[in-house]
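Spelled out as structure tokens, the structure:
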């Protein structure tokens, strides 16, 4: 059983971060934030996939002002991502941002940082101190060198120095992230940081890549850290539809038995006995499962000979054959189904199971 490190607790809107709260899975939109319709549409898709906190880029005043209209139409907390411009940070909070992500040291000096802190205190907005390998102060790079797995000190010192800038102004509603695109540097950095602070930590591998590379890099780095009890919230960064980030994030937490959200899909890798388009079927089932909340085990198998036996622990599943397949429950054949009806029959049965679970709750 994983023993999580005890950290301070903050709140992004109603979502608790740290202090033993469930590890929150978040994402970031890739729309133009001032395109309210497109941004809201994408957030709704992310909400359906389980997103618990959403971040939007705020590169200009139009984006900051759009936050009011966006928040009116979504159900999850919204964080504004700010770089360099203190005025945008203040404007974002005035328009309803429930959290901001900044690097306090690059906002233009003490006076501008003070305005941001005053606004955060007034609007009760937590601040995420976000430091990346590419944004470290020159003095720290000269002292420690560029962050490596053997010496990630520059990342940690940069983050803690920026935290102190907030603490000196009496502000402690903080979470921290130190991101690198290198897996081993990420692991070493967060280990070191976790030992030096009790602020909640936001985990992530920055610029991780596309679906395959990004999933592997993020799962290795975050999986190791989470298994060691480090981390209070996470984002899987992928050059992909952000909905995929949610799928990877929740599956990572499920694999570590930290959190289970919705059904688990069990599917075979296929072999020469497969007589159906299992790849498409599994993808369609997985997409539907993202809309469910019950912790079921659902199997999609390519062979009626071995499928039910290999997936005997599944609550329900289908196995394909030549022109005909079967629906099975707990490894027992429930009914035969024409191949073309495998998907709709399974989805109908899943709806029934979800309704039954909800009625018993």
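Numbering (my numbering), first residue to last: 50 to 410. Idealized CB from N, CA, C, for every residue including glycine. Nothing here was measured: the structure is a model prediction, and the numbers come from that model.
Comparing alpha-carbon positions, the option among 274, 403, 119, 335 lying closest to residue 392 turns out to be 335. In the DSSP assignment, residue 146 falls outside any alpha helix (DSSP H) and carries neither an H nor an E. The continuous beta strand (DSSP E) containing residue 130 extends over residues 127-130. In the structure shown, residue 81 adopts coil according to DSSP, grouped into three states. In terms of Cβ geometry, residue 367 and residue 345 do not form a close pair [threshold 8 Å]. Assigned with DSSP and collapsed to three states, residue 381 falls in strand.
110 is the residue among 237, 63, 110 whose C-alpha sits nearest the C-alpha of residue 84. Straight across, the Cα-Cα distance linking residue 223 with residue 139 is about 16 Å. Judged by DSSP secondary structure, residue 226 falls within the beta strand (DSSP E) whose first and last residues are 223-228.
By the neighbour-count definition (other C-beta atoms within 10 Å, threshold 16), residue 152 is a buried residue.
Here DSSP, grouped into helix, strand and coil, assigns residue 121 to coil.
Annotated three-state conformation of residue 325 is coil, per DSSP. Burial check for residue 75: the Cβ neighbour count within 10 Å reaches 16 or more, so the residue is buried. Counting along the chain, no beta strand (DSSP E) covers residue 292; the unbroken alpha helix (DSSP H) around it starts and ends at 291-304. Residue 248 and residue 278 have their C-alpha atoms roughly 14 Å apart. Take the alpha-carbon of residue 298 and the one of residue 232: they are about 16 Å apart. If you look at residue 218, you'll find it isn't in any beta strand (DSSP E); DSSP assigns it neither H nor E. Boundaries of the alpha helix (DSSP H) harbouring residue 236: 232-243, taken from the DSSP string. Boundaries of the alpha helix (DSSP H) around residue 269: 260-276.
For residue 371, no alpha helix (DSSP H) encloses it, and the DSSP letter there is neither H nor E.
Excluding sequence positions up to five before and after residue 61, its CB lies within less than 7 Å of the CB of 102, 126, 128, 147, 148, 175, all in the same chain and listed in chain order. In terms of Cβ geometry, residue 325 and residue 397 do not form a close pair [threshold 8 Å]. In the DSSP assignment, residue 177 falls within the beta strand (DSSP E) that extends over 176-181. With 16 or more other Cβ atoms inside 10 Å of its own Cβ, residue 205 counts as buried. Looking only at 328, 113, 182, 308, the smallest Cα-Cα distance to residue 135 is reached by 113.
Distance from the CA atom of residue 359 to the CA atom of residue 404, rounded to whole angstroms, is 27 Å. Beta-bridge partners assigned by DSSP to residue 350: 368.
Contact between residue 307 and residue 72 holds: CB atoms are separated by about 6 Å, below the 8 Å threshold. Put simply, of 157, 141, 215, 273 the residue whose alpha carbon is nearest the alpha carbon of residue 237 is 273. In the DSSP assignment, residue 163 falls within the unbroken alpha helix (DSSP H) covering 159-172. In the structure shown, residue 331 falls within a helical segment according to DSSP collapsed to helix, strand and coil. By the Cβ neighbour-count rule, residue 91 is buried, with 16 or more other Cβ atoms within 10 Å of its own. The distance from the Cβ of residue 203 to that of residue 190 is about 6 Å, consistent with a contact at the 8 Å cut-off. In the same chain as residue 362, and ignoring 5 residues on each side of it, the C-beta atoms closer than 7 Å to its own belong to 346, in chain order. Contact between residue 246 and residue 261 does not hold, since their C-beta atoms are separated by about 33 Å, which reaches or exceeds 8 Å.
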